[in-house]
Amino acid sequence: MSSIVQDAIAAKAASRLLAVLDSATKNDALHRMACALEESFDVLLSLNCEDVHEAREQSISPSALVRMELTREKLQQIAVGLRTMAALEDPVGKVLLRSELDDGLELQKITSPFGVIAAIVEARPDAVTQLCALALKSGNALMIKAGTEIGRTTRAILAAFAKALQSTQIPPHAFTNVEGREAIREILALQDYVDLVVPRGSSDLVRFVSANTRIAVIGHSDGVCHIYVESSANREMAISLILDAKTQAPATCNAVETVLVDQGIANEFLPIAFQSLRWHGVKVRGCAATRTICGADVELVKATEWHTEYGDLTLAIRVVPGVDAAIAHIETFGSHHTDCIVTEDAQAASQFLRRVDSAGVFHNVSTRFADGYRYGLGAEVGIATGKLHARGPVGVEGLVTYKYVLSGSGHCVGQYAGANARRFKHELVESAVSE
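In this note's numbering, the protein residues as written are 1252 to 1686.
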């Protein structure tokens, strides 16, 4: 039996203990984890610096380096996030439905943890802390396989958390660090022990995970987000939103990658937008019409490149005839992540919001708002672009499933069959109540 299978068995046992912990115990643990993180700032920053230095020597991409680098400010934000998670309502044990099937026969639909979550994370140390917090709050055990690029950082984070939880009711295998070259493939084959897989990283990673496991997967493979500037848009607002969505954090999956501009305002709007983007260091690519309006500095986008997730200060711009063409472009080249319309026309906004089939559909708002923390979820395991179980930023509510609890007093199915069968009442007692 491999060490990873042994870890999975231990995690499964831990998950049974975590599932029945009361809210106060879990919240106290989260506060302890926040304190432990703050006390470990210097050690974490030093080890993270070693990871970043080594990654830089291995020619890791600039966007990956940005994601893997920790700062004192980032760590403080993570600590705040842990305390915010503690303040959230417990997602476990909520009664979603209560129905009286017959006198003395009551059915309840109650939220419960998945069990064991396996997280496969690339060079994202902040994701390690978020996943630990989310798993604990939702009563799940976590097996985490982080990229070797952040090996020192990951070990230090989990060591700090383990020390903080020594004197609590949290079982030792609540968080398990999994290492090794073949670890990912082995984890993906653990369907007898692992209940959910969460990949956090590149589109290649997400596709690989989804294609190589029978375990349920939550994640998105691409973050090709769009902003459509409709003809009635407030021009100043549109430029502000585009700059925020592209330059505030260009390596994130909710950064805008393509801007669609209505042809009715293209000649007026694009030169101003182009200058603003260039001033902020953004490289502009575009269609032939964009190049004609803005000049030869615009690199032409090939027909096969509109689905590109740049992850840096590069932006594609396309001129479109109207809202129908904008929606058609998003349907063809989008990734169902987050797409926005900038418009003062209520009808155009309504049409866009109803027809665009993405996890997040925005009106006059930066795509960067597609985030669990900004949604008030405390943190997120990622953005789910599928349609089963969870969609959009997946917080603690997305890490629980449910079970049906039926209580009676000797009721038998035979009583409801035959000539003198009893009739079901099926009366809804309460649609949803938290207990």
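Every residue gets a Cβ at the ideal spot worked out from N, C-alpha and C, and that includes glycine.
Looking at the backbone, the Cα of L1456 and that of S1586 are separated by about 16 Å. In the displayed model, D1455 falls within a helix according to three-state DSSP. In the DSSP assignment, C1663 falls outside any beta strand (DSSP E), carrying neither H nor E.
Annotated three-state conformation of G1643 is strand, per DSSP. In the three-state reduction of the DSSP assignment, C1591 falls in the strand class. The beta carbon of V1549 sits closer than 8 Å to the beta carbons of F1525, V1535, R1536, G1537, T1541, R1542 and I1568 from its chain, once the five residues preceding and following it are set aside; these are given in chain order. The beta carbon of V1379 is closer than 7 Å to those of V1372, I1395, A1397, T1405 and I1408 in its chain, skipping five residues each way along the sequence. With a beta-carbon spacing of about 11 Å, A1285 and A1338 fall beyond the 8 Å limit used to define contacts. Less than 9 Å divides the Cβ of C1476 from the Cβ of T1618. Within the segment 1269 to 1341, the runs of alpha helix (DSSP H) at least 4 residues long that lie entirely inside it are, in chain order, 1274 to 1290, 1292 to 1308, 1313 to 1319 and 1323 to 1338.
The count of Cβ pairs closer than 8 Å, one atom from the segment 1651 to 1658 and one from the segment 1352 to 1369, reaches three, so the stretches are in contact. A residue is called buried when at least 16 other Cβ atoms come within 10 angstroms of its Cβ; P1313 does not meet this threshold and is exposed. Note on D1473: 16 or more other CB atoms within 10 angstroms of its CB, so buried under the neighbour-count rule. Straight through space, the alpha carbons of N1391 and E1430 are spaced by roughly 20 Å. Rounded to whole angstroms, the separation of the alpha carbons of V1664 and A1384 is 44 Å. According to the DSSP secondary-structure assignment, H1477 is paired through a beta bridge with T1509 and D1590.
Put simply, the backbone Cα of I1544 is about 21 Å away from that of K1497. Excluding five sequence positions before and after T1427, the CB atoms of its chain that fall closer than 6 Å to its own CB belong to D1258, A1262 and M1394, given in chain order. DSSP places P1364 inside the beta strand (DSSP E), whose first and last residues are L1356 to P1364. Contact check for H1677 and I1634: beta-carbon distance about 38 Å, past the 8 Å limit, so the pair fails to qualify. Rounded to the nearest whole angstrom, the C-alpha separation of T1594 and A1506 is 19 Å. Boundaries of the alpha helix (DSSP H) around K1414: G1402 to A1415. In the DSSP assignment, R1432 falls outside any alpha helix (DSSP H) and carries neither an H nor an E. Around the CB of V1449, 16 or more other CB atoms lie within 10 Å, so the residue is classed as buried. A Cβ-Cβ contact shorter than 9 Å links L1348 with L1358.
For T1555, same chain residues with a beta-carbon under 8 Å away, outside a window of 5 residues either side, do not exist.
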